[in-house]
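Student:
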Amino acid sequence: MARPLFRHESSLRHDTGSHPERAGRIVAVERELAARDWCGFSPEDSPEATVEQLLAVHPRPHVERIRALSAAGGGRIDADTIVSAGSWEAALHAAGGAVAMVDRLLAGGATRAVSLHRPPGHHCETAEPMGFCLFNSVAIAARHATGVHGLERVLVFDWDVHHGNGTAEIFAGAGDVLFASIHEFPLYPGTGRPTEVGHGAGEGLTVNLPVPGGTGDDTWVGLTEDVVLPIARSWAPQLVLVSAGYDAHADDPLAGCEVTDEGFARIAAAAHRLADELGVPLGMVLEGGYDVDALARSVAATLETWSAAPGPAPSAPSADPVVLRAREHFAARWPVLQGD
Ligand SMILES: [Zn+2]
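Residues 1133 to 1472 in the numbering used here are what the sequence shown spells out, letter by letter.
#1: Please list, in chain order, all residues with a C-beta atom less than 6 Å from at least one heavy atom of ligand 1.
#2: Could you name the residues that DSSP lists as bridge partners for Val1431?
#3: So with Cβ pairs under 8 Å, would you call Ala1402 a contact of chain C?
#4: In three-state DSSP terms, what is Asn1297?
#5: In the structure shown, what three-state DSSP assignment does Val1455 receive?
#6: If we ignore side chains and look at the alpha-carbon of each, how far apart do Gly1241 and Phe1317 end up?
#7: If you pair each beta-carbon of the stretch 1262-1281 with each one of the stretch 1183-1200, do three or more pairs fall below 8 Å?
#8: Look up Ala1376 in the DSSP assignment and give the residues it is bridged to.
#9: In or out: Pro1251 buried (at least 16 other Cβ within 10 Å) or exposed?
#10: Beta strand (DSSP E) containing Ser1174: first to last residue?
#11: Determine the burial state of Thr1356: buried for a count of at least 16 other Cβ atoms within 10 Å of its Cβ, exposed for fewer.
#12: Take every Cβ of the stretch 1228-1238, pair it with every Cβ of the stretch 1152-1161, and state whether three or more of those distances are shorter than 8 Å.
#13: Could you give the C-beta distance for Val1309 and Val1280, rounded to a whole number, given that I count them as a contact under 8 Å?
#14: Going by other Cβ atoms of all chains shown within 10 Å of its Cβ, with 16 needed for buried, is Glu1460 buried or exposed?
#15: With DSSP as the reference, please indicate the residues paired to Gly1207 in a beta bridge.
#16: Check whether the stretch 1380-1391 and the stretch 1346-1355 are in contact - that is, three or more C-beta pairs closer than 8 Å.
#17: Taking the C-alpha atoms as reference points, what is the distance between Pro1136 and Glu1409?
#18: Which residue or residues does DSSP assign as beta-bridge partners of Ser1313?
#19: Helix, strand or coil: which one does DSSP assign to Ala1245?
#20: By Cβ distance below 8 Å, which residues in the same chain neighbour Thr1213 in space, the five residues on each side in sequence not counted?
#21: Suppose the cutoff is 7 Å on Cβ atoms and the five residues either side in sequence are ignored; what does the same chain contact list for Leu1224 look like?
#22: Do you know how far the Cα of Pro1453 is from the Cα of Ser1178?
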């Protein structure tokens, strides 16, 4: 079965100058993937998102602000977040690739698909572009899955080293999106405490799993296998979306975690096994990752893992204290975490 990989050359025209979130990231990823025959995926050009698709998440003044700033030749949103003349087109394809990925996954033509674009999206809130992000592509994709396709439960698993504050804010009150995030804390943007659990219909559907700087593979994999997976199994999402950042890598210059290429392969394998067990499709949207070589290798490791049959679960539960504390914290709300 074909596994589509959505990409678009407009990602290279979002010109941020000398900035860690730069066009060379995509160049490096595509070079690595091409050298590995795209790791079993089929590259195809993404469409632009429609304004209507953006408006499912962002208010019109936010959309118009990005369009106008880009049309005027660009400028700064904040100290970190830059718009250039090419950014509007790039951001439309970044969101459009994520939407097209969902369409393909839910049409039944593919069980795994990826959307590899820039700018990234997970820091962008409902009405606030920030943190290198102009529109929240994974949120737009999740809203497309619920609003257009009628899904009732979508999981967004965010393994970027930074908390996906935008996605968390957008879905904090939503009963149809479960947001689970592993992130270094404290670190930009300063949100992501385990006590932030959502509200209203979304109460309990935000699962924040902070880790200290220096945290490596075993803790990241343990949190994935022994917290994210059991919670997700018990909630039974109809679609698994990953906000896939690779800045938890040991070589990354923007954060202090110590995940290896192999660690990302293990985390990706767990997400694959989850989707396979549930019999639901799996897609990923690229977020951060600022050491271009580590990023390229780790994306390739993810795609290779998703092209193979899902591997077996770990033979024993994690005894890592960070994992055990997280299980204890969330056990009252998620009984599946009690016992073992
Ligand atoms: Zn990040």
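The beta carbon of each residue, even a glycine, is placed where N, CA and C say it ideally should be.
In this text, all values refer to a predicted model and were calculated from it rather than measured experimentally.
Tutor: On the basis of the data shown:
#1: Asp1292, Val1293, His1294, Gly1377, Asp1379, Glu1419, Gly1420
#2: The residue you call residue 1431 lines up with position 299 of the sequence shown. Per DSSP, none; premise fails for Val1431.
#3: Of the chains in the structure shown, none is chain C; there is only one protein chain.
#4: In the sequence shown, the residue the question calls residue 1297 occupies position 165. Three-state result, Asn1297: helix.
#5: Here the question's residue 1455 lines up with position 323 in the sequence shown. In the structure shown, Val1455 sits in a helix (DSSP, three-state: H, G or I).
#6: Counting from 1 along the sequence shown, the entry for residue 1241 is found at position 109. Counting from 1 along the sequence shown, the entry for residue 1317 is found at position 185. Rounded to the nearest angstrom, the two C-alpha atoms are 39 Å apart.
#7: yes
#8: Along the sequence shown, read from residue 1 onward, the residue named residue 1376 stands at position 244. DSSP output for Ala1376 lists Leu1418 as bridge partner(s).
#9: Locating residue 1251 in the sequence shown gives position 119, where the first residue counts as 1. Pro1251 comes out buried.
#10: Position 42 of the sequence shown, counting from 1, holds the residue named residue 1174. Run containing Ser1174: 1174-1177, per the beta strand (DSSP E) assignment.
#11: Stepping through the sequence shown from its first residue, residue 1356 is reached at position 224. The residue is buried, with at least 16 neighbouring Cβ atoms inside 10 Å.
#12: no
#13: Looking up residue 1309 in the sequence shown gives position 177. Looking up residue 1280 in the sequence shown gives position 148. Going by Cβ atoms, the distance from Val1309 to Val1280 rounds to 14 Å, so no, they are not a contact pair.
#14: Indexing the sequence shown from 1 puts residue 1460 at position 328. With fewer than 16 Cβ atoms within 10 Å of its Cβ, Glu1460 is classed as exposed.
#15: Here the question's residue 1207 lines up with position 75 in the sequence shown. In DSSP, Gly1207 forms a bridge with Val1215.
#16: yes
#17: Indexing the sequence shown from 1 puts residue 1136 at position 4. Indexing the sequence shown from 1 puts residue 1409 at position 277. Each residue's Cα considered, the two are about 21 Å apart.
#18: Within the sequence shown, numbered from 1, the residue matching residue 1313 stands at position 181. DSSP output for Ser1313 lists Asp1290, Asn1340 as bridge partner(s).
#19: As a first step, residue 1245 must be located in the sequence shown, where it is residue number 113. DSSP places Ala1245 in strand when its eight states are reduced to three.
#20: For this step, residue 1213 is matched to residue 81 along the sequence shown. Only Pro1261, Met1262, Gly1263, Phe1264, Cys1265, Leu1266 meet the Cβ criterion.
#21: Here the question's residue 1224 lines up with position 92 in the sequence shown. Here the set comprises Glu1180, Ala1181.
#22: Numbered from 1 along the sequence shown, position 46 holds the residue referred to as residue 1178. Numbered from 1 along the sequence shown, position 321 holds the residue referred to as residue 1453. Distance between the alpha carbons of Ser1178 and Pro1453 is about 42 Å.
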